[in-house]
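> Position 367, counted from 1, in the sequence shown is what my numbering calls 859; the numbers after and before it change by one each time, with no gaps. Note that beta-carbon positions come from the ideal geometry of N, C-alpha and C, so glycine has one too. Given the structure is predicted, the values throughout are model-derived calculations rather than measurements. Sharing a structure here in structure tokens format.
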Amino acid sequence: MVSAADAGDAAALLTDVPAEHRVALVDPRFLGHLHALRLGLTDPRFPAATVPGALTAQPQARPALVRALERITAAVGADAPAVDPGTGPAPGDRTVPGRIAVELEAEGIAVQRPALGSLVAAVPTDRDQEAAAVAGLVAVDDEAVRLRNAVKSRDGFFTTFCISPYSRYIARWCARRGLTPNQVTTASLITALIAAGSAATGTRGGYIAAGILLLVSFVLDCTDGQLARYSLQYSTMGAWLDATFDRAKEYAYYAGLAIGAARGGDDVWVLALGAMVLQACRHIVDFSFNEANHDSVANTSPTAALSDALDNVGWTVWARRIIVLPIGERWAMIAVLTALTTPRTVFYALLIGCALAATYTLVGRLLRSVTRKARRTERAARALADLADSGPLAQAVASLVHGPKRALTAPAAALIGTLVMVGAALFLPYGSWLTVVAAAVYVVLSGFAVARPLRRALDWLVPPFFRAAEYVTILVLAARSDVPHAVPAAFGLVSAVAYHHYDTVYRIRGGTGAPPQWLVRTIGGHEGRTALVAVLAAVLTHTSGFTTALTALAVAVALVVLLESIRFWVSSSAPAVHDEGELA
């Protein structure tokens, strides 16, 4: 830390700092809470950030910072004081950092201004202002504010009232001992895997231990995000771990329950895969709807207005969050039922609960869509196309047609294709080549669905229809094959594909776009994988080769998507984010 006599001196000192380093400017008269400075100067997610009297710039904003300082120096003179209270474009903060923030925004640099709430950050210019700032410092315990703000602002009922009241203290304990959010996230994963192993024993003691460990894993899962917010340790690796480990933990636990049930003579693999399919389809409904609408123009509807009004009534907020069965409620239910009942009961409860939650959210989103007056942006259309996960077959069909006619909109084409594919898998004789014909129809209709930009009111339904078609087809064909271990192999295949789909969602959320097209082409797209499984079922009817083929396909998809995903998330191009979005 060095002191500058004026703006010109500050510009000169900046040139001595290596270009790859982050820098901060703080007015020497700054008076405020330490945590206010942390919020303004240490959050790694933004190219530049400011609080009154202080500003920070990441390496990518450093050139604009130097130019702003040079302009200020030229304006007030190199020998002028660093503070010029008589001029400046920002009446609320006329300090040099405050004026630089305005200059940066004029150059197109996004400058984050964190909400300080009751925290004090000020540059007093007279005794009255200084007295007011000191009074604010004394009146507010910034550590208490820091601890309170570590908790996610929007969370489920179980998490808010049963976990966060003490997990925030665990987060502070971890911070004071130098533990990182990534370490806590990894500990949560390991705990969940041990829980899955305990459930796989198939004993009552194993089930009880599994339930307890699953809750411990969830406490750690809450702690990692709270630790990131408490210590402002957001990272690219943390974004990847946090975004994917929840699904890995839940799917591993489903597999552990299915293995444990099999040890007791009860085959529940179909229920386990069904629960995973339902949960994944439910999530893609949320993701697709939000991507289609979060930046829409004139994005209003009577349904949304009613929802906002209900948010002002306290009990309805919590009731609605419980109905959607978010991760906290879901894991609590799984843990308790595992300890007290059987795996079959756990999966029945999951399927019923998730089906009710999916119905509630789907109906609400449909009502919003048909009553909403909105113009969707090019970014939204691109996001929906990426979420569709169309492979070379569907893209080839799309290139040959002009898109769905008025009588066959994109969601209608996707829905008809889904019904044809799933209906064939369910009702045609297993191994029939007519199922392959149905798959060919599905490929054609998939191409029609994505032949035009997905900008209409209900076009967000296209990705969920595709997910349902692929996942349910794999589930049904594996279940009907009567081949030993076919359903566990299908469980592995759907897990690998679902990882790819979740990875796509979180990349789009991070602002870096979907995975590269070569990856989508390599793993075939949703229509290619669906058609391939239909062909394998016809060729390898009632033979163990079907299990082997599903296993090989699962391993191949997993290797390709995992290697590319890991490469991306550890690269410098990945966004430093920490998910604060929908309840999962």
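1. Classify ASP974 as buried or exposed, calling it buried when 16 or more other Cβ atoms lie within 10 Å of its own Cβ.
2. Should GLY578 be labelled buried (16 or more other beta-carbon atoms within 10 Å of its own) or exposed?
3. Secondary structure at LEU858, three-state DSSP: helix, strand or coil?
4. In chain order, which continuous runs of the alpha helix (DSSP H) of length 4 or greater are located wholly inside the stretch 592-658?
5. Please report the straight-line C-alpha distance between ALA642 and ALA880, rounded to a whole angstrom.
6. For GLY766, which residues of its own chain have a beta-carbon under 7 angstroms away from its beta-carbon, when the five flanking residues on both sides are left out?
7. When the Cα atoms are used, what is the spatial distance from GLN604 to TYR852?
8. According to DSSP, is THR695 helix, strand or coil?
9. Which same chain residues end up closer than 8 angstroms to ALA502 when comparing Cβ atoms and leaving out the 5 residues on each side of it in sequence?
10. Roughly how many angstroms lie between the CA atoms of ASP576 and ARG646, to the nearest whole one?
11. Can you list the alpha helix (DSSP H) stretches of 4 or more residues lying completely in the stretch 875-943, in chain order?
12. Between the alpha carbons of THR1035 and ALA772, how many angstroms are there, rounded?
13. Checking 9 angstroms against the spacing of the C-beta atoms, do PHE781 and ARG860 come in under that value?
14. Beta-carbon within less than 8 angstroms of VAL986's beta-carbon, same chain only, minus the 5 sequence neighbours each way: which residues are those?
15. Compute the beta-carbon to beta-carbon distance between PRO536 and TYR658, rounded to the nearest angstrom, for a pair I have assumed lies under 8 angstroms.
16. Which residue or residues does DSSP assign as beta-bridge partners of VAL518?
17. To the nearest angstrom, how far is it from the Cα of GLY1073 to the Cα of PRO835?
18. Run through DSSP, which three-state label would ALA572 get?
19. Leaving out the 5 sequence neighbours to the left and right, which residues in its chain are closer than 6 angstroms to THR715 when beta-carbon positions are compared?
20. What residue from ASP498, VAL615 and ALA744 has the CA that sits closest to LEU523's CA?
21. Going by DSSP in three states, GLY756 sits in which element: helix, strand or coil?
22. Using C-beta distances below 6 angstroms, list every residue in its chain close to TYR998, excluding the 5 sequence neighbours before and after it, in chain order.
23. Count Cβ pairs between the stretch 809-818 and the stretch 1020-1037 that sit closer than 8 angstroms; are there 3 or more?
24. Rounded to a whole number of angstroms, what is the C-alpha to C-alpha distance between LYS644 and HIS786?
25. By the 10 Å Cβ neighbour count, where 16 or more other Cβ atoms means buried, how is PHE919 classified, buried or exposed?
26. With respect to the alpha helix (DSSP H) encompassing GLU512, which residues constitute its N-terminal and C-terminal limits?
27. Could you have a look at ALA540 and say whether DSSP puts it in helix, strand or coil?
28. Measure the CB-CB distance between ALA754 and VAL762 and report whether it falls below 9 angstroms.
29. Would you kindly work out how many angstroms separate the C-alpha atoms of ALA960 and VAL914, rounded to a whole number?
30. Report buried or exposed for TRP732, applying the criterion of at least 16 other Cβ atoms within 10 angstroms of its Cβ.
Based on what the coordinates show:
1. Counted from its first residue, the sequence shown places residue 974 at position 482. Looking at its Cβ environment, which holds fewer than 16 other Cβ atoms inside 10 Å, ASP974 is exposed.
2. Position 86 of the sequence shown, counting from 1, holds the residue named residue 578. Interpretation of GLY578 is limited by its pLDDT of 44, a score under 50 that renders its predicted location unreliable; no figure is taken from the coordinates.
3. On the sequence shown, position 366 is the one that residue 858 refers to. Three-state DSSP puts LEU858 in a helix.
4. Under the rule that a run must span 4 or more residues, the alpha helix (DSSP H) segments found entirely inside the stretch 592-658 read 619-631 and 634-641.
5. Locating residue 642 in the sequence shown gives position 150, where the first residue counts as 1. Locating residue 880 in the sequence shown gives position 388, where the first residue counts as 1. Between ALA642 and ALA880, the C-alpha separation is close to 35 angstroms.
6. Locating residue 766 in the sequence shown gives position 274, counting from the first residue. Cβ neighbours of GLY766 beyond the five flanking positions: LEU843 and LEU967.
7. Locating residue 604 in the sequence shown gives position 112, where the first residue counts as 1. Locating residue 852 in the sequence shown gives position 360, where the first residue counts as 1. One C-alpha to the other measures close to 36 angstroms.
8. Here the question's residue 695 lines up with position 203 in the sequence shown. Three-state result, THR695: coil.
9. Translated into the one-based positions of the sequence shown, residue 502 becomes position 10. Same-chain partners within the cutoff: ALA496, LEU517, LEU561, ALA574 and VAL588.
10. Taking the first residue of the sequence shown as 1, we reach residue 576 at position 84. Taking the first residue of the sequence shown as 1, we reach residue 646 at position 154. Here the model assigns ASP576 a pLDDT of 45, short of 50, so the residue's position is not dependable, and the following value carries that caveat. When rounded, the distance between both Cα atoms is 41 angstroms.
11. Listed in chain order, the alpha helix (DSSP H) elements of length 4 or more contained wholly in the stretch 875-943 are 884-892, 902-919 and 925-941.
12. Counting from 1 along the sequence shown, the entry for residue 1035 is found at position 543. Counting from 1 along the sequence shown, the entry for residue 772 is found at position 280. In a straight line, the C-alpha of THR1035 is about 29 angstroms away from that of ALA772.
13. In the sequence shown, residue 781 corresponds to position 289, counting from 1. In the sequence shown, residue 860 corresponds to position 368, counting from 1. Less than 9 angstroms separates the beta-carbon of PHE781 from that of ARG860.
14. Position 494 of the sequence shown, counted from the first residue, corresponds to residue 986. A distance below 8 angstroms between beta-carbons, with the five flanking residues on each side excluded, links VAL986 to the following residues of its chain, in chain order: LEU765, MET768, VAL769, ALA772, TYR963, ILE966 and LEU967.
15. Taking the sequence shown and counting its residues from 1, the one referred to as residue 536 is at position 44. Taking the sequence shown and counting its residues from 1, the one referred to as residue 658 is at position 166. Here PRO536 is actually not in contact with TYR658; their C-beta atoms are around 28 angstroms apart, not less than 8 angstroms.
16. Counting from one through the sequence shown, the residue named residue 518 turns up at place 26. Answer is ALA546, bridged to VAL518.
17. The count along the sequence shown starts at 1 and reaches residue 1073 at position 581. The count along the sequence shown starts at 1 and reaches residue 835 at position 343. Note that GLY1073 scores 48 on pLDDT, short of 50, meaning its location in the model is unreliable and no value can be drawn from it.
18. Counted from its first residue, the sequence shown places residue 572 at position 80. Caution is warranted here: a pLDDT of 47 is assigned to ALA572, below 50, making its placement in the model unreliable, and no coordinate value can be reported.
19. Taking the first residue of the sequence shown as 1, we reach residue 715 at position 223. Taken in chain order, the residues that qualify are SER659, ILE662, ALA663 and VAL676.
20. Residue numbering aside, residue 523 sits at position 31 when the sequence shown is read from its first letter. With distances taken between CA atoms, LEU523 lies nearest to VAL615 out of ASP498, VAL615 and ALA744.
21. Here residue 756 refers to the residue found at position 264 of the sequence shown. It is coil, neither helix nor strand.
22. Against the sequence shown, residue 998 aligns to sequence position 506. ALA735.
23. Output reads no: the stretch 1020-1037 does not touch the stretch 809-818.
24. Translated into the one-based positions of the sequence shown, residue 644 becomes position 152. Translated into the one-based positions of the sequence shown, residue 786 becomes position 294. Their backbone Cα atoms lie some 20 angstroms apart in a straight line.
25. Position 427 of the sequence shown holds residue 919. The residue in question, PHE919, is exposed, as its Cβ has fewer than 16 Cβ neighbours within 10 Å.
26. The sequence position of residue 512 within the sequence shown is 20, counting from 1. Boundaries cannot be given for GLU512, as no alpha helix (DSSP H) includes it and DSSP labels it neither H nor E.
27. Counted from its first residue, the sequence shown places residue 540 at position 48. Three-state DSSP puts ALA540 in a strand.
28. Translated into positions along the sequence shown, residue 754 becomes position 262. Translated into positions along the sequence shown, residue 762 becomes position 270. The answer is no: Cβ separation not under 9 angstroms.
29. Start at 1 with the first residue of the sequence shown, and residue 960 comes out as number 468. Start at 1 with the first residue of the sequence shown, and residue 914 comes out as number 422. Note on geometry: alpha-carbon atoms of ALA960 and VAL914 lie some 9 angstroms from one another.
30. Residue numbering aside, residue 732 sits at position 240 when the sequence shown is read from its first letter. TRP732 should be labelled buried.
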